Structure formats: structure tokens, C-alpha cells
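Read the structure below first, then the notes.
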Amino acid sequence: MKKSEMLEISQNRQNLTAFLHITEIKIINLLLADGVDVNHMNFEQICNTTLEQYQAKKISNRKAARIFEILAFSNRDFKIEKFRCSHGYNEIYKYSPDHGAYLFYCKGGQYKLNELVRENGRFA
Numbered sequence: 001m002k003k004s005e006m007l008e009i010s011q012n013r014q015n016l017t018a019f020l021h022i023t024e025i026k027i028i029n030l031l032l033a034d035g036v037d038v039n040h041m042n043f044e045q046i047c048n049t050t051l052e053q054y055q056a057k058k059i060s061n062r063k064a065a066r067i068f069e070i071l072a073f074s075n076r077d078f079k080i081e082k083f084r085c086s087h088g089y090n091e092i093y094k095y096s097p098d099h100g101a102y103l104f105y106c107k108g109g110q111y112k113l114n115e116l117v118r119e120n121g122r123f124a
């Protein structure tokens with residue numbers, strides 16, 4: 001992977017919350033040098049750390065490319081919660097893909113929300 005492609009991935013931030021799975025974090029930690037732990041880093045910090053180590057010849061192009069492939073995939077892999085709770089009003093909203101928004105679903109608090117998540121899963 002060319003350095004310009006790596007920079008393009010790092011500058012094209014779409015998914016603001018960066019849902020890196022624990023297995024992806026472990027893979028990135030293994031690929032980076034100097035025992036760097038990316039568990040509490042945001043997307044930009046991981047990109048910058050990877051680029052710095054690549055430029056300093058601490059990691060190979062293959063390792064840097066693999067890290068950026070993981071980051072590019074997580075950047076496109078959006079996870080949307082099916083249900084959200086408005087705690088102040090005790091209302092639960094369900095995500096509607098047709099509307100691209102959360103619509104009123106039912107009355108209930110955290111207990112009802114947990115019940116719905118158990119029955120239907122957390123992400124849409």
C-alpha cells in the first residue's frame with residue numbers, strides 16, 4: 001500500500017465512534033512496534049502512530065497496510081443501535097432504516113430497553 005493511500009484513509013473519517021472490535025485491537029497491537037497499546041486511542045491517533053512507525057522503519061509496509069485495511073473497514077462498517085431510551089421521558093425509540101432516524105416505539109425505561117435488546121439484538 002502506498003503512503004498516499006494510507007494518508008487518504010486517515011483523512012477520510014466517516015465513522016466518528018470507531019467501533020474497533022477487541023480482536024482488531026489485538027491484531028493492531030501485535031503489528032505495531034514498541035509495545036504500543038491502541039485500546040484507548042481514537043482513529044486519528046492510531047493512523048498517526050502507524051504512519052510514524054512506518055516512516056521510522058519500525059514496521060514494514062505490509063504491517064502498515066494491514067493496519068490501514070482494518071481501519072478502512074471499521075470506517076465503513078457502521079453499527080447502529082436498534083433501540084434508544086430517552087431516560088428523562090421514559091420513552092424508547094426504535095431505529096427506522098427507511099427514515100434514517102429513531103422513531104417513538106413504546107413507553108419504558110432502562111429495564112424495558114434491556115429486555116428489547118435481549119430479544120432483538122443491540123445493533124440494526
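Position 3, counted from 1, in the sequence shown is what UniProt numbering calls 3; the numbers after and before it change by one each time, with no gaps. Built from N, CA and C at the ideal position, the CB exists for glycine as well. Since we're looking at a predicted model, the values are computed, not measured.
Have a look at LYS82, MET41, THR50 and ILE80 and flag the residue whose alpha-carbon is nearest the alpha-carbon of residue 191. Residue 191 is absent from the model: the chain starts at 1 and stops at 124.
Please confirm whether ALA124 and LYS57 have their CB atoms less than 8 angstroms apart. no
How many whole angstroms separate the CB atoms of TYR95 and TYR102, which I take to be in contact at a CB cut-off of 8 angstroms? 5 angstroms
Residue burial classification, TYR89 (beta-carbon count within 10 angstroms, cutoff 16): exposed
How long is the line joining the alpha carbons of ASN29 and GLY35, rounded to whole angstroms? 7 angstroms
Can you name, in chain order, every residue of its own chain whose Cβ lies under 6 angstroms from the Cβ of CYS106, other than the five neighbours on each side? ILE92
Enumerate in chain order the residues of its own chain whose CB-to-CB distance from LEU20 is below 6 angstroms, with the five nearest sequence positions on each side excluded. SER74
Could you tell me which residues DSSP puts in a beta bridge with PHE83? LYS94
Looking at the structure shown, is TYR105 part of a helix, part of a strand, or coil, going by DSSP? strand
Measuring only the C-alpha atoms, how far is GLU69 from ASN48? 15 angstroms
Considering just the uninterrupted stretch of the alpha helix (DSSP H) at VAL117, what are its terminal residues? 110-120
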